[in-house]
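Student: I have a structure here, written as structure tokens, and I will follow up with some questions on it.
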Amino acid sequence: MQDFDLIETPENVELQRRLAGIGSRFIAGFLDNLLIVLMYVVLFLLLLIVGINIIADVGFSSMAEIWLLTIIILVAFAIYWGYFVLFEMWTNGQSPGKKYMKIRVVQVEGGGISFSSIAVRNLLRVVDAIGFYAVAGITMFVTEKVQRLGDLAAGTVVISEEVPNYSASYDKKKQILDNEAITSAALEATGLKPAEYLLLHNYWLRREELNVEAKRQLLPQLIRPILNRMGHSLPDYSSEALEEYVEKMLAKARSAEAEVKKGIHKSEDAK
Amino acid sequence: MTPARFLEARAGAWDRLEAIVSKTSKKGVRALTDKELHELTRLYPAVAVDVARARMYNIDPTTQKRINQLAISAHGLLYRRKNVRKLQAIWGFFRNGYPRLFRRLWPYVALAMVLFTIGILGAYVSTILKPSNAYLFVPGQLDLTDEDPGVSSKDISERFRRIPKPPMAAGIMANNISVAFNAFALGITAGVGTCYVVIFNAMMLGGFAGHFSNHGLTYEFWSFIAPHGILEIFAILVSAAAGLRLGLSLAIPGQLKRSASLRVGAHEAVLLVLGTIPMFIIAGIIEGFITPSYIPGIFKIVLGVAVAFTTISYLVLVGRGPISESKPRVAQK
Chain A
539 MQDFDLIETP ENVELQRRLA GIGSRFIAGF LDNLLIVLMY VVLFLLLLIV GINIIADVGF
599 SSMAEIWLLT IIILVAFAIY WGYFVLFEMW TNGQSPGKKY MKIRVVQVEG GGISFSSIAV
659 RNLLRVVDAI GFYAVAGITM FVTEKVQRLG DLAAGTVVIS EEVPNYSASY DKKKQILDNE
719 AITSAALEAT GLKPAEYLLL HNYWLRREEL NVEAKRQLLP QLIRPILNRM GHSLPDYSSE
779 ALEEYVEKML AKARSAEAEV KKGIHKSEDA K
Chain B
5 MTPARFLEAR AGAWDRLEAI VSKTSKKGVR ALTDKELHEL TRLYPAVAVD VARARMYNID
65 PTTQKRINQL AISAHGLLYR RKNVRKLQAI WGFFRNGYPR LFRRLWPYVA LAMVLFTIGI
125 LGAYVSTILK PSNAYLFVPG QLDLTDEDPG VSSKDISERF RRIPKPPMAA GIMANNISVA
185 FNAFALGITA GVGTCYVVIF NAMMLGGFAG HFSNHGLTYE FWSFIAPHGI LEIFAILVSA
245 AAGLRLGLSL AIPGQLKRSA SLRVGAHEAV LLVLGTIPMF IIAGIIEGFI TPSYIPGIFK
305 IVLGVAVAFT TISYLVLVGR GPISESKPRV AQK
């Protein structure tokens with residue numbers, strides 16, 4: 539089971555699709571079945587109103603009642619087998635429950651669902667529905683693309699269409715604010731100036747690229763002024779000791795950043 | 005081009021595509037003007053390529069997600085199935101596709117018939133040898149030879165004359181199509197469930213036949229079953245064949261991957277079972293209106309044979325022309 543899968547477009551670009559989770563699919567299925575039950579209730583009330591006693595085989599007084607009963611039988615049958623088929627055909631893969639949950643059935647290889655795929659996945663629904671959709675639940679859990687039996691046979695997946703707010707301005711502003719908060723916490727914890735922090739950070743990222751000789755020349759030049767300003771002293775000033783110092787400062791900064799990030803996530807969740 | 009230049013150069017296109025896509029959220033592409041539609045077709049391929057470029061430049065994940073989402077939405081709007089004319093497609097299916105599909109899958113129908121014959125003969129012989137065995141195969145309330153005031157045991161149809169015909173025909177139709185759909189769907193158990201449905205129904209019929217035969221009502225029984233039953237049983241067997249096709253495609257995938265084999269099998273099988281719907285409608289109408297009528301039994305049997313013969317002729321003879329204009333729409337990839 540995974541959250542995303544890849545499809546390849548005719549432009550030979552791989553796009554990521556968000557798969558609908560088991561939870562949202564169950565809610566969608568529950569809503570659809572609720573609607574089906576409601577339709578049956580309406581049919582049943584219709585029967586009662588016209589006064590046909592459906593339990594005893596008597597009481598067919600007029601042709602109108604007989605034909606009404608006939609129509610009710612046919613409609614009930616059509617709802618039972620046709621509800622999902624018709625809705626998924628009309629709305630390109632969205633039954634009302636799916637529409638509410640913003641999920642949609644599509645072909646595995648991308649693109650709108652075909653009629654035969656709709657027929658396959660919804661005729662196999664009777665098997666998936668065994669044990670209150672336990673069969674479907676287990677199959678969705680074990681398959682990579684969260685597919686029930688009907689989806690596997692039809693070659694379909696259900697995707698999530700809820701579009702996260704990626705609007706550029708919103709994100710950029712938020713990111714800058716977050717970064718400010720994070721960085722200031724890191725500076726506070728280490729006592730570094732922004733430029734110094736950046737310097738250590740950049741050095742750390744590139745340390746693998748430098749050979750021993752370069753390090754020996756570069757490190758004292760970079761670190762000495764910081765040590766002097768902070769009033770720190772080291773037991774010896776070899777490249778190893780200096781590098782260790784950089785690591786220590788950055789670790790301090792990291793843990794302070796992590797604290798702040800946790801705080802930000804928490805306040806997001808609370809929203 | 006640097007990542008920064010890339011972002012700068014392309015941001016306009018993304019914003020524009022975002023605006024167009026968000027317009028379609030309610031009503032789909034119909035919400036767009038001709039000009040916007042044209043823009044969509046031009047913007048989408050470029051943005052799809054941007055997704056790959058953004059990955060290459062390793063730009064920030066949020067922006068990558070944003071343009072990926074944009075491209076997915078636009079892809080969904082542009083690449084969809086051709087809007088086929090539904091009635092024409094159904095006509096074409098029954099004019100060519102279905103008989104061809106049937107002829108391609110006849111071995112599965114033959115397999116279902118073998119299973120059915122074994123079940124019916126087994127139950128029949130067992131009931132003839134030991135009459136009380138009938139109750140193993142036949143549900144008690146359907147036992148029509150029981151003494152029931154107003155129902156002569158000679159005329160099985162009598163019982164059904166008291167129920168109005170149209171709702172009965174509708175009910176029978178609905179029930180039979182449900183049995184057929186279940187026989188198909190249970191095929192997903194590698195065919196075991198389908199075999200169970202076939203043998204269960206065969207034993208019921210065999211048990212009935214033996215039971216009536218024991219009471220010297222063989223002719224009455226067959227004149228009751230034949231008018232609708234031959235077509236009905238045939239249609240059930242075709243549906244069971246669809247279930248077997250589905251099950252065997254899963255159990256014995258051959259050269260294909262099991263998942264691919266299942267897909268191909270399911271798409272062929274579902275069309276085979278959907279094509280039985282008209283057979284069940286005809287059989288249901290006959291069972292509701294003609295079976296309980298006072299027409300002499302021999303005519304009923306003749307009618308049943310004629311209807312079944314016509315159906316089989318259709319399946320064997322129709323749609324043998326060149327395939328050029330419309331290939332049977334099965335198992336599309």
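Quick note, the sequences are listed as chains A and B, same order. Per the working numbering, the very first residue in the first sequence carries number 539; after that it's consecutive. Per the working numbering, the very first residue in the second sequence carries number 5; after that it's consecutive. Built from N, CA and C at the ideal position, the CB exists for glycine as well.
1. Is B:H271 near A:S793, with beta carbons less than 8 Å apart?
2. Output, in chain order, the set of chain B residues within a Cβ distance shorter than 7 Å of A:W619.
3. Going along chain B, which residues have a C-beta under 9 Å from A:G649?
4. Establish whether the CB of B:S297 and some CB of chain A are separated by less than 8 Å.
5. Less than 8 Å between CB atoms is the rule here; does B:S130 satisfy it with respect to chain A?
6. Could one say the Cβ of B:P65 lies closer than 8 Å to chain A's Cβ atoms, at least one of them?
7. Give a yes or no on whether 8 Å exceeds the smallest Cβ distance from A:R555 to chain E.
8. What residues of chain B sit near A:N740, judged by a beta carbon separation below 8 Å?
9. Between the segment 257 to 272 of chain B and chain A, which residues of the former have a C-beta closer than 7 Å to a C-beta of the latter?
10. Within 10 angstroms of the Cβ of B:G258, are there 16 or more other Cβ atoms? Answer buried if so, exposed if not.
11. Would you call the segment 225 to 237 of chain B and the segment 264 to 280 of chain B in contact, with 3 or more CB pairs under 8 Å?
12. Spell out a yes or no on whether the segment 720 to 740 of chain A and the segment 53 to 73 of chain B are touching, meaning 3 or more CB-CB pairs, one atom from each, closer than 8 Å.
13. Measuring only the C-alpha atoms, how far is A:R744 from A:V798?
14. Name the chain A residues whose beta carbon is nearer than 7 Å to that of B:N137?
15. Chain A beta carbons: is any one of them nearer than 8 Å to that of B:A75?
16. Looking at the unbroken alpha helix (DSSP H) that takes in A:V665, where does it start and where does it end?
17. Alpha carbon to alpha carbon, how far is A:A692 from B:Y48?
18. In the DSSP assignment, find the unbroken beta strand (DSSP E) run with A:T694 in it and report its ends.
19. Spell out the partners DSSP gives A:G557 in its beta bridges.
20. Look at the alpha carbon of A:L557 and the alpha carbon of B:A75, and state the distance between them as a whole number of angstroms.
21. If you measure from the beta carbon of B:I192 to each beta carbon in chain A, is any gap under 8 Å?
22. For B:R34 and B:S26, what's the separation of their Cα atoms in angstroms?
23. Taking the alpha helix (DSSP H) that B:L209 belongs to, which residues open and close that run?
24. For a cutoff of 8 Å on Cβ pairs, would you count B:A312 as touching chain A?
25. Rounded to the nearest angstrom, what separates B:L321 and B:K304 at their Cα positions?
26. Mapping DSSP to helix, strand and coil, what is B:I305?
27. Please go through the same chain and pick out, in chain order, the residues whose beta-carbon is closer than 8 Å to the beta-carbon of B:A173, but skip the five residues on each side of it.
28. Taking the alpha helix (DSSP H) that B:E22 falls in, what are its first and last residues?
29. In three-state DSSP terms, what is B:Q68?
Tutor: According to the structure shown:
1. no
2. F185
3. H79, G80, Y83, R84 and R85
4. no
5. no
6. no
7. The question asks about chain E, but that chain is absent: this structure's protein chains are A and B.
8. Chain B residues near A:N740: none, gap ~17 Å exceeds 8 Å.
9. S263, L266, R267, A270 and H271
10. exposed
11. no
12. no
13. 26 Å
14. The contacting residues do not exist; B:N137 stays about 30 Å from chain A at best.
15. yes
16. R663 to D666
17. 28 Å
18. T694 to S698
19. Note that residue 557 of chain A is Leu in the sequence shown here, rather than Gly. Answer is A:I697, bridged to A:L557.
20. 16 Å
21. yes
22. 13 Å
23. V196 to N218
24. no
25. 25 Å
26. helix
27. G288, I289, E291, G292 and F293
28. P7 to K27
29. helix
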